[in-house]
Structures are given as structure tokens and as C-alpha cells.
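Peer 1:
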Amino acid sequence: MSTVFEYSATVRFEPAAEEEKAGMSVFLILDQHINLGIVWLRDAAGKLSPHFRFHVEASGRSGLAVPETVVEVVPAAWRGRLIVLCINISDDSSFALSAVLEGVPRSECVLGKASAQIVSGGSGQPTGTLLGVYDE
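Numbering (the UniProt record's numbering), first residue to last: 1 to 136.
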């Protein structure tokens, strides 16, 4: 039996300092989690701007394909507007993390996918994990 669900959070990102971030996480332990956040980083011109960052930490999980970190500039049209961050699972095997401009469903951008095995604890098929939001 598979569980299918979507977890989402609407974010108003108003950073005050470089590297400030807000996002959501599929979390098992500090060394095994999947994150999607909005981070205040410098762009190619050296100007601070919001970026999406998808990051997977899978320490101690050898033999699993761990996706590379993805960093993308938030589209200019999205800045200053509400952004919905989403975690989707459509089967027992993977999580997809995406962002969408609130009220514009066709703007969805999938920023990364990761195996549910990363947050299974290493004891077989995933049976549960924590989902939540963070602000740093």
C-alpha cells in the first residue's frame, strides 16, 4: 500500500542578512534530510537576491543515489510575492520538492527529487519521517 500526499507551506521571504533562509524539510536526523529553501545569496553580479536551494544530506547512507545541490535564482516576477513550497510523494520511493507562485499553479517549478530511502533510517522501506518548516 502506498501513501500519496502533498505538504505545502506559503512563505513570505523578507531576509535581513546574507545566507538567511526559510524553507521546508523532510527530516529523519541531522545527517539524513531533504531540504528546499529560499536563501538570500549573491547573484552572478554580486548583488543579494533570493535563490531556491534544494539540498540533500545523506551521511551514512552508502549505495544510494544522492542528488546534487541545486541553487537557482528566484524569478524576478516572484520577488516580494507569496511563494508556496511543496513536498510531494506519489509512491513509496521518492519525494519531489517544488515551488509555485501563490495563485498561479502553472508556475510550478520542481527543484529536486530524492529517494525516500535517504530518510528511512536504513532499516528497509520508509515507514515515517518528519515534515516541517524552518527559518534561519
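Backbone N, C-alpha and C define an ideal beta-carbon position, used for all residues, glycine too.
Quick caveat, the model's predicted, so the values are computed rather than measured.
(1) So what does DSSP say about V110, is it helix, strand or coil?
(2) Which of helix, strand or coil does DSSP assign to P50?
(3) Taking C-beta to C-beta, are A99 and L82 nearer than 8 Å?
(4) Are there three or more Cβ pairs, one per stretch, closer than 8 Å when the region 47 to 61 is compared with the region 70 to 78?
(5) Would you call M1 buried or exposed, if buried means 16 or more other Cβ atoms sit within 10 Å of its Cβ?
(6) In whole angstroms, what is the alpha-carbon distance linking A96 and T129?
(7) Using 8 Å as the threshold, is the C-beta distance between L31 and S59 below it?
(8) Rounded to the nearest angstrom, what separates S93 and A77 at their Cα positions?
(9) Apart from the five residues just before and just after G103, which ones in its own chain have a Cβ nearer than 7 Å to its Cβ?
(10) Since V133 is in the beta strand (DSSP E), which residue starts that stretch and which ends it?
(11) Three-state secondary structure (DSSP) at V119?
(12) Compute the Euclidean distance between the alpha carbons of Q117 and G23, then round it to the nearest angstrom.
(13) Do you know whose CA, among T3, A9, F5, G132, lies nearest L101's CA?
Peer 2: To lay it out plainly:
(1) strand
(2) strand
(3) no
(4) yes
(5) Interpretation of M1 is limited by its pLDDT of 49, a score under 50 that renders its predicted location unreliable; no figure is taken from the coordinates.
(6) 15 Å
(7) Strictly speaking, residue 31 in this sequence is Asp, with Leu absent from that position. Yes, the Cβ-Cβ distance between D31 and S59 is below 8 Å.
(8) 34 Å
(9) none
(10) 130 to 135
(11) helix
(12) 21 Å
(13) A9
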